[in-house]
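Have a look at the structure below before the remarks.
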Amino acid sequence: MKYLGILKPLFNVPHQWIPVRCVQPRYCSKSANTTVSSREKRTTVGKFKNHIFSGPTFQDFIKGLNNNNHNKSFAVDGEHSDKHDYLPEHLDMGNSRKVYFETYGCQMNVNDTEIAWSILQKKGYQRTVYLNEADVVLLVTCSIREKAEQTIWNRLQQLTAMKKKRLKTHTPMKIGILGCMAERLKKELLEREKLVDVLAGPDAYRDLPRLLTVADGGNQASNVLLSLEETYADIMPVHHAPQGYSAFVSIMRGCDNMCSYCIVPFTRGRERSRPVSSILEEVRMLSDQGVKEVTLLGQNVNSYRDTSEQQFCGSDPTRLSRGFKTVYRLKQGGVRFSDLLDQVSRIDPDMRIRFTSPHPKDFPDEVLHLIAERGNICNQIHLPAQSGSSQVLKAMRRGYTREAYLDLVKNIKQIIPGVSLSSDFISGFCGESEDDHQQTLSLIREVGYNVGFLFAYSMRKKTHAFHQLQDDVPAEVKQRRLEECISVFREEAVKVNSGLIGSTQLILVEGESKRSAEDLCGRTDGNMKVIFPKEDVAAQPAESGTAPICAGDYVLVKILSASSQSLKGRALGHSSLRRSVKHRETQFDEFVASDTTMMEAYH
């Protein structure tokens, strides 16, 4: 618990009195100048300067402390207010300036991009997909590994060179860093060659319009304060999923697990869950828009616990997977993940529901039984192991042993027959011996995953490992062990995926295959990629009419071959998730007689 205390600020500057220097605002187009006359601008900015330079009074200070006790300020109508009392309203408007986003890292960063864009869009900014058109470039960053950060440093060098060229011929371009890297490396980002104009941490996206206004005057601007409450529950993200068939919905933020290798608690803050009502409203909206797949997101998604309403604040302790424990005291009360998953899955029976990224400790039986019973909750579970050695798992502070993890895998497979499992593994963690590495290889063989995310260990500052452990595995040994893990993983994935040959899978179509315009691709319930020829197929079972296949369609596909990373097959006909759930084993019986001929023709 001592580590969690680090994240709670001892003193917060009142939000409405974050110091800024006022300068003459610059506008990027003639149309912007028509908003406020030159004389009005001089008068308004003069008043603004006098207000700022006079500074807040003691009464303002006390008022700010009271506001910080709630960590949010609300308007009279109950809606969250983004207004800064000292800032003339027109100064933080985008005035049609164009914003270009680049997103790196996890799905949470994709969702953060959608939140940041929603905030800026309301302030009059426009979004562009062309870098050379951008007035503002925002990089949504990841700090999970050193390589991810180095990618951003390299990109900043490229953008700075582009910015210098534009100074002579175009409106000055502003560069901003959002997300985890902004919080972790704030000092380096602001001081190192002055590559950045704006920094906004994961909990500071509401402040982006003000930060960009400050930067527009030639000053650097930053806000990387972590929050104990911010979930952006009142902000409806602007979803930009491919073809609009799928979307991410954030349900919680932060992490309390304090695994010794992980930087997330220090860049994303403490766990806090978004109110159930806000999540359900967003999912209903996505259903109305025709979205066919929603992925619930969180750093530790299945530890979701909504305590926003008094009636939910009971005394029942959180139930964990058998044999698992936490570094913190068990939490009590609240709407749990199983309750939320139940309500979300009832909104639209024809919408697939996924969730990521979970922790193995938060899979009590009620969650597993719900997945097994509810036809639109995908039978796919991400189960990050990180290592197959109990000794390494203890050093990682994961809260379980190898044996407990394998018992959980056995329980999952018993309750959810045919479940697809994926996992994360770290090679070369502090103190990992060759025997520990061999135990990881044996765990991969024993479980049988079909998707994996494997990396060599990269020590992060601020973490428990950085302060207490030695990064004593040589880089070349880490790399060799990683390659061995990847090799074994692929061998086992081929075996698992080959078991699907001859089966008929319901596929949600994503669009054209990246490798061939003649093929389409989509994903199974188990999240495996499937490639199949682009051709018209039966519009409905047992009907003679055909129809083309489009992104967002559900189609039944006969699986004809498999590799470690994908499946190949041929589409049989259009279907729906609801129909597939009811007739999973009996659909398209009329095609069975031609299966052998089809497989021979394909090969």
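Numbering (the working numbering), first residue to last: 15 to 617.
All C-beta atoms, glycine included, are put in the ideal place defined by N, C-alpha and C.
Since the structure is predicted, the reported quantities are computational estimates derived from the model, not experimental observations.
The secondary-structure analysis by DSSP pairs H588 across a beta bridge with V569.
In the assembly as shown, Q519 is a buried residue. Its beta-carbon has 16 or more other beta-carbons within 10 Å. Within the stretch 526 to 562, the runs of beta strand (DSSP E) at least 3 residues long that lie entirely inside it are, in chain order, 533 to 537, 543 to 547. The beta carbons of I458 and E506 sit about 6 Å from each other, so the pair counts as a contact at 8 Å.
In the structure shown, D449 falls within a helical segment according to DSSP collapsed to helix, strand and coil.
Using a Cβ-Cβ distance cut-off of 8 Å, the stretch 342 to 357 and the stretch 395 to 403 are not in contact, since fewer than three pairs of beta carbons, one from each stretch, lie closer than that value. DSSP places R474 in the coil class of the three-state scheme, outside both helix and strand. Under the Cβ criterion (8 Å, minimum of three pairs), the stretch 376 to 394 counts as touching the stretch 358 to 365.
When DSSP states are grouped into helix, strand and coil, S441 belongs to the strand group. Under the three-state reduction of DSSP output, F377 falls in the coil class, being neither helix nor strand. Residues N316, F351, S352, L355 of the same chain have their beta carbon placed closer than 8 Å to that of V381, with the five preceding and five following residues left out of the count.
The shortest C-alpha to C-alpha distance from F262 to any of K548, T370, V487 is the one to T370. Under DSSP, no beta-bridge partner is assigned to Y419. Fewer than three pairs of CB atoms, one per stretch, sit closer than 8 Å, so the stretch 478 to 498 makes no contact with the stretch 531 to 551.
Runs of the alpha helix (DSSP H) spanning 4 or more residues and lying entirely within the stretch 131 to 194 occur at 160 to 180, in chain order. H396 is bridged by DSSP to S436.
Rounded to whole angstroms, the gap between the alpha carbons of R141 and C194 is 22 Å. N511: member of the alpha helix (DSSP H) spanning 489 to 512, first to last residue. Note on geometry: alpha-carbon atoms of E147 and R333 lie some 52 Å from one another. A direct Cα-Cα distance of roughly 26 Å separates L134 from E285.
Boundaries of the alpha helix (DSSP H) around I293: 290 to 302. Assignment of S329 by DSSP, reduced to helix, strand and coil, places it in the coil class.
DSSP places K112 in the strand class (E or B) of the three-state scheme.
In this structure, the CA atom of D550 is about 12 Å from the CA atom of D567.
Taking 7 Å as the cut-off, the beta carbon of L310 is found closer than this to the beta carbon of I265.
DSSP places A218 in no alpha helix (DSSP H); its state is neither H nor E.
Taking a 10 Å sphere around the C-beta of R282, we find 16 or more other C-beta atoms and assign the residue as buried. In this structure, the beta-carbon distance from A196 to V238 falls below 7 Å. Per DSSP, reduced to three states, the secondary structure at I458 is helical. Counted as a single uninterrupted DSSP element, the stretch harbouring L239 is not any alpha helix (DSSP H), since DSSP gives it neither H nor E. A Cβ-Cβ contact shorter than 7 Å links L422 with P374. Contact check for I129 and Y219: beta-carbon distance about 6 Å, within the 8 Å limit, so the pair qualifies. Boundaries of the alpha helix (DSSP H) harbouring V358: 351 to 359, taken from the DSSP string. Out of G138, E116, Q234, the CA that lies nearest to the CA of S110 is found in G138. For the pair E524 and K548, the CB atoms are not nearer than the 7 Å cut-off.
Using a 10 angstroms sphere on the CB of R495, the tally of other CB atoms reaches 16 or more, which defines it as buried.
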